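Student: Sharing a structure with you now.
Residue numbers (UniProt numbering): 1 to 297.
Here it is in structure tokens:
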């Protein structure tokens with residue numbers, strides 16, 4: 001057990017312990033980091049609903065460490081079984097520390113890849129599940145291989161979505177990574193008035209500071225707006241979406257009807273496979289779900 005009393009530095013405390021304790025601590029730390037990196041790679045949740053010893057589902061983080069214990073008993077004894085209670089390196093605070101460290105290293109690599117060159121910014125905001133307004137910032141630049149890449153660099157809570165608030169949030173986030181607004185050579189947002197307004201929109205405020213930061217209405221958003229507008233003008237397409245909405249309203253409210261739909265889909269797939277009209281293969285003939293057609297700004 002590490003004694004960090006009297007405000008001693010961790011290096012001094014380490015020097016007082018045996019090489020065995022140091023080795024065991026390093027093994028636990030590396031195991032926790034390896035598991036965290038794997039979970040982060042696939043964007044999965046770390047914690048389970050119940051992480052107690054009696055729980056049958058402690059979440060992925062503790063679950064993968066248990067897997068280590070089962071597959072490598074000697075390592076498992078060090079990681080979990082015989083680890084000091086105050087030094088298991090598995091508590092939620094430690095998990096968050098590892099996540100933050102991974103995020104910093106990832107951002108460090110992105111900024112290093114940018115290498116002080118010019119970049120464009122892509123910004124959008126949306127409410128999360130807790131009804132907080134979150135702004136996402138993506139950098140678009142040409143990397144060392146002369147390829148255009150887009151890299152997510154941060155998600156920031158904003159008090160409101162006014163152009164001034166968004167500008168302050170963007171500049172603050174850029175400053176955190178030693179980037180200057182003078183390096184911006186492009187802006188990409190949706191078509192909302194607070195973003196593209198000619199007088200007080202976000203793109204105008206940034207261009208006042210940097211006239212080279214040209215604005216382009218997000219092409220993906222333009223395409224979606226175009227498709228929505230055309231769909232509303234085309235009677236057959238409009239009828240199609242009306243039918244989809246009605247089907248969803250009828251089937252979506254009943255689990256029995258959903259199960260019946262899955263059963264009918266499975267029967268139809270079997271008939272098509274037997275007749276040779278469709279073929280089997282990875283990613284083919286997956287179970288489909290119902291979702292309400294949505295509009296956009």
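Each residue gets a CB set at the ideal place from its N, CA and C atoms; glycine is no exception. Since the model is a prediction, treat every value here as computed from it, not as a measurement.
#1: Would you say residue 113 and residue 149 are within 9 Å of each other, going by their C-beta atoms?
#2: Between the alpha carbons of residue 280 and residue 247, how many angstroms are there, rounded?
#3: Report the rounded CA-to-CA distance for residue 64 versus residue 192, giving the unit in angstroms.
#4: Would you report the Cα separation of residue 278 and residue 265, rounded to the nearest angstrom?
#5: Quick one: complete beta strand (DSSP E) runs, 3+ long, within the segment 189 to 218?
#6: For residue 20, name the three-state secondary structure that DSSP assigns.
#7: With a cut-off of 8 Å, do at least 3 Cβ pairs link the segment 40 to 57 to the segment 16 to 31?
#8: Whole angstroms is fine: what's the gap from residue 140's alpha carbon to residue 198's?
#9: I want to know whether the segment 177 to 189 touches the segment 203 to 213 - three or more CB-CB distances under 8 Å.
#10: My parser needs the alpha helix (DSSP H) runs of 4 or more residues fully inside the segment 20 to 73; what are they?
#11: Considering only the alpha carbon of each residue, which of 225, 194, 215 lies closest to residue 164?
#12: According to DSSP, is residue 118 helix, strand or coil?
Tutor: So, to answer that:
#1: For the purposes of this step, residue 113 is taken as residue 113 along the chain shown, with counting starting at 1. For the purposes of this step, residue 149 is taken as residue 149 along the chain shown, with counting starting at 1. Cβ distance < 9 Å, so residue 113 and residue 149 count as in contact.
#2: Indexing the chain shown from 1 puts residue 280 at position 280. Indexing the chain shown from 1 puts residue 247 at position 247. Each residue's alpha carbon lies about 28 Å from the other.
#3: Within the chain shown, the letter at position 64 stands for residue 64. Within the chain shown, the letter at position 192 stands for residue 192. Between residue 64 and residue 192, the C-alpha separation is close to 45 Å.
#4: As a first step, residue 278 must be located in the chain shown, where it is residue number 278. As a first step, residue 265 must be located in the chain shown, where it is residue number 265. Cα to Cα, the separation comes out at about 14 Å.
#5: 214 to 217
#6: Start at 1 with the first residue of the chain shown, and residue 20 comes out as number 20. Correct three-state label for residue 20: helix.
#7: no
#8: Counting from 1 along the chain shown, the entry for residue 140 is found at position 140. Counting from 1 along the chain shown, the entry for residue 198 is found at position 198. Those two C-alpha atoms are separated by around 23 Å.
#9: yes
#10: 60 to 71
#11: Within the chain shown, the letter at position 164 stands for residue 164. Among 225, 194, 215, the Cα nearest to that of residue 164 belongs to 194.
#12: As a working note, residue 118 is residue 118 in the chain shown. In this structure, residue 118 counts as coil in the three-state DSSP scheme.
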